[in-house]
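Protein chains in written order, with our numbering: chain A, 1 to 297; chain B, 298 to 676.
Reading through the structure tokens given below for one structure.
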């Protein structure tokens with residue numbers, strides 16, 4: 001059976017059907033849903049008392065409190081709302097790399113985007129998609145309609161890797177654009193200066209957004225399994241370098257470990273969820289594992 | 298070293314193959330895209346030096362393998378393995394001076410005993426399998442004296458049996474014998490020890506020996522220099538100056554005219570010696586030389602002029618006077634005998650002035666001369 005969308009596999013959907021993505025903090029949504037909202041309304045969950053002021057609906061007066069204290073108090077309740085999720089997908093040249101897996105990192109990111117969008121739409125949340133390399137490419141604001149989802153899936157299918165990356169600057173720009181608190185999902189290999197990237201992610205956190213980073217690699221980038229002398233050329237800059245992998249492997253892996261660990265540590269310090277994965281790991285498996293862990297936390 | 302198949306040495310040119318292959322492989326590196334070169338650049342920079350050294354060593358190893366292969370195919374043959382490896386053992390010749398002077402007692406101990414202890418010590422230093430020969434400079438030959446042997450106990454026995462002889466040591470000659478003996482062995486480590494009291498006379502002929510062509514035994518080892526270790530057993534070197542020559546000269550050998558006595562002194566000690574020589578004629582001191590400084594091992598000539606007042610037989614004596622208490626006088630050992638051969642008043646008798654010398658073979662050095670002079674024309 002086919003879902004009709006390239007990046008939405010029925011098997012993955014079947015495996016994810018019982019999972020729901022819940023915001024860890026509060027999000028600002030327009031529709032009532034399953035996530036905590038910063039707006040105090042009149043819902044089921046009691047939040048606090050507020051002194052009555054002229055114009056308040058007398059239906060919300062706390063008469064018990066009035067009887068005890070002879071003062072007028074209004075009962076306030078936690079409002080549950082829907083979540084706005086903005087997926088930021090890196091489409092730079094390096095995301096087009098594929099060596100050890102059948103998927104490029106960009107394709108892997110597209111699958112991840114599709115399944116996340118599906119999960120969110122299914123639980124009445126709104127999802128938006130922004131792609132970027134050195135510039136912002138596709139920019140779809142968060143909505144929850146099936147039509148919006150349909151358009152998003154179609155747009156995903158036409159994505160192609162671009163050229164160089166400037167993640168730090170782009171994320172800063174995007175952080176300024178999202179006014180309402182939402183969940184930011186970054187899917188990228190993060191090949192930029194880590195300090196710049198982390199500053200941009202802090203910017204999101206500063207704007208009260210919740211941030212999840214999916215750092216996607218190809219397995220060959222992590223394990224560097226090359227043997228013969230190879231002239232590597234950069235997918236973004238087209239620079240060339242001829243090396244004997246046997247000599248540089250150790251130093252390369254050391255660099256790579258430092259790069260990943262740096263992000264992991266910095267994200268942990270900033271209360272950002274950091275998920276490192278590679279394209280050989282099934283995206284639905286990786287996502288299920290992450291959501292399960294997130295739910296426990 | 299020779300080669301059975303020298304033509305295979307040309308195969309050493311194959312040593313260039315790894316270099317060529319290395320250059321070709323550089324050109325044929327596989328092209329691969331990669332997501333980013335930022336880590337590869339840093340890693341390559343870090344390992345560049347190590348890679349260069351490794352590549353160079355690898356290439357040299359490959360070249361060396363091919364060259365050695367060619368070398369092996371050429372079948373090199375070593376003419377003498379012992380020259381290449383050596384056999385590890387040592388051959389030692391011990392020349393033990395047993396001349397009469399070795400019987401002198403220094404500081405309460407005969408020099409020969411000192412030499413014998415040194416010989417035992419040398420023997421004790423040798424390991425099993427080392428060859429040794431003991432050679433005495435005089436006296437009856439020992440058993441197996443001319444043969445290198447590994448039975449050190451027998452050599453030790455010979456050392457114990459050796460005794461001082463009354464012959465003069467001919468060390469130069471014995472050294473030649475020892476070198477010839479050692480030349481017959483293939484052992485690479487060879488040494489000659491000479492245990493002597495360093496008497497100058499014992500070394501006579503050393504220069505002549507060095508100028509002689511090598512003996513037949515040593516012809517196979519031209520240029521081979523055997524280390525020579527000389528052990529001086531003379532604990533207290535004594536002054537040792539001797540008169541080795543005296544010649545009387547006169548233009549006209551008649552009374553009243555000057556006669557010259559040319560004296561030759563020899564310093565046989567190992568240190569410079571200062572001496573005065575005194576000439577006595579008929580028991581009276583006639584002339585004294587200034588202080589004569591004689592370097593070790595050197596000879597010095599000095600001339601005395603004196604006049605005989607009357608013709609006839611005269612007795613002369615040369616005394617060597619020491620320059621301190623450490624140099625005892627040896628006067629009285631050298632004498633001059635002058636004798637006239639008749640006289641005739643108013644006539645001159647022309648008789649040649651003659652001098653004859655004889656030297657006793659033993660340690661005493663006595664010189665006797667017979668001289669004849671004519672009386673002066675005036676009587």
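Glycine included, C-beta positions come from ideal geometry on N, C-alpha and C.
Check: In chain order, each alpha helix (DSSP H) run of at least 4 residues that lies wholly inside the segment 99-176 of chain A; Outcome: 105-122 and 146-157
Check: Test item: CB-CB of residue 267 of chain A and residue 213 of chain A under 8 angstroms; Outcome: yes
Check: Alpha carbon of residue 263 of chain A to alpha carbon of residue 198 of chain A, nearest angstrom; Outcome: 8 angstroms
Check: 8 angstroms Cβ cutoff, residue 482 of chain B in contact with chain A; Outcome: no
Check: Residue 592 of chain B, DSSP secondary structure in three states; Outcome: coil
Check: Any chain A beta carbon closer than 8 angstroms to residue 346 of chain B; Outcome: no
Check: Which of helix, strand or coil DSSP assigns to residue 17 of chain A; Outcome: coil
Check: Buried or exposed (CB count within 10 angstroms, at least 16 for buried), residue 608 of chain B; Outcome: buried
Check: DSSP-derived helix/strand/coil call for residue 445 of chain B; Outcome: coil
Check: Cutoff 8 angstroms: residue 305 of chain B Cβ touching any chain A Cβ; Outcome: no
Check: Interface partners of residue 487 of chain B on chain A, CB under 9 angstroms; Outcome: What residue 487 of chain B touches in chain A: nothing, since even the nearest Cβ is about 54 angstroms away.
Check: Nearest neighbour of residue 271 of chain A, chosen from A:283, A:287, A:211 and A:235 [CA to CA]; Outcome: A:211
Check: Distance CB(residue 528 of chain B)-CB(residue 491 of chain B) smaller than 8 angstroms; Outcome: yes
Check: Inter-residue spacing [alpha-carbon to alpha-carbon] between residue 340 of chain B and residue 483 of chain B; Outcome: 59 angstroms
Check: Rounded Cβ spacing between residue 429 of chain B and residue 452 of chain B (contact assumed at less than 8 angstroms); Outcome: 5 angstroms
Check: Between the CA atoms of residue 306 of chain B and residue 315 of chain B - distance to the nearest angstrom; Outcome: 18 angstroms
Check: Below-8 angstroms beta-carbon distance, residue 231 of chain A vs any chain B residue; Outcome: yes
Check: Three-state secondary structure assigned by DSSP to residue 648 of chain B; Outcome: Below a pLDDT of 50, predicted positions are generally treated as unreliable, and residue 648 of chain B, at 33, falls in that range; the measurement from the model is reported next regardless. Correct three-state label for residue 648 of chain B: coil.
Check: Cutoff 8 angstroms: residue 235 of chain A Cβ touching any chain B Cβ; Outcome: yes
Check: Beta-carbon proximity list for residue 310 of chain B, same chain, < 6 angstroms, skipping 5 on both sides; Outcome: none
Check: Other residues of its chain near residue 338 of chain B: CB distance less than 7 angstroms, five sequence neighbours each side excluded; Outcome: none
Check: Reference residue 228 of chain A; option with closest CA among A:218, A:243 and A:234; Outcome: A:243
Check: Residue from B:412, B:413 and B:446 with nearest C-alpha to residue 424 of chain B; Outcome: B:446
Check: Touch test, the segment 323-333 of chain B against the segment 388-401 of chain B, Cβ-Cβ under 8 angstroms, three pairs minimum; Outcome: no
Check: Minimum Cβ-Cβ distance from residue 309 of chain A to chain B less than 8 angstroms; Outcome: No statement about residue 309 of chain A is possible, as the shown extent of chain A runs from 1 to 297 and does not include it.
Check: Exposure label - residue 350 of chain B; buried when at least 16 CB within 10 Å; Outcome: exposed
Check: Range of the contiguous beta strand (DSSP E) that encloses residue 319 of chain A; Outcome: Any property of residue 319 of chain A remains undetermined from this structure, which presents chain A solely from 1 to 297.
Check: Short CB-CB distance (under 8 angstroms) between residue 289 of chain A and chain B; Outcome: no
Check: Residue-chain proximity (residue 252 of chain A, chain B), Cβ-Cβ < 8 angstroms; Outcome: yes
Check: Buried versus exposed, by CB contacts within 10 Å (16 or more), residue 321 of chain B; Outcome: exposed
Check: Span of the beta strand (DSSP E), counted from its first residue to its last, around residue 616 of chain B; Outcome: 611-618
Check: Collapsed DSSP secondary structure at residue 83 of chain A in the structure displayed; Outcome: coil
Check: Endpoints, the beta strand (DSSP E) within which residue 585 of chain B is located; Outcome: 581-585
Check: Touching by the beta-carbon criterion (3+ pairs, under 8 angstroms), the segment 557-567 of chain B and the segment 536-545 of chain B; Outcome: yes
Check: Sheet register partners of residue 90 of chain A (DSSP bridge); Outcome: A:132
Check: Touch test, the segment 117-136 of chain A against the segment 164-175 of chain A, Cβ-Cβ under 8 angstroms, three pairs minimum; Outcome: yes
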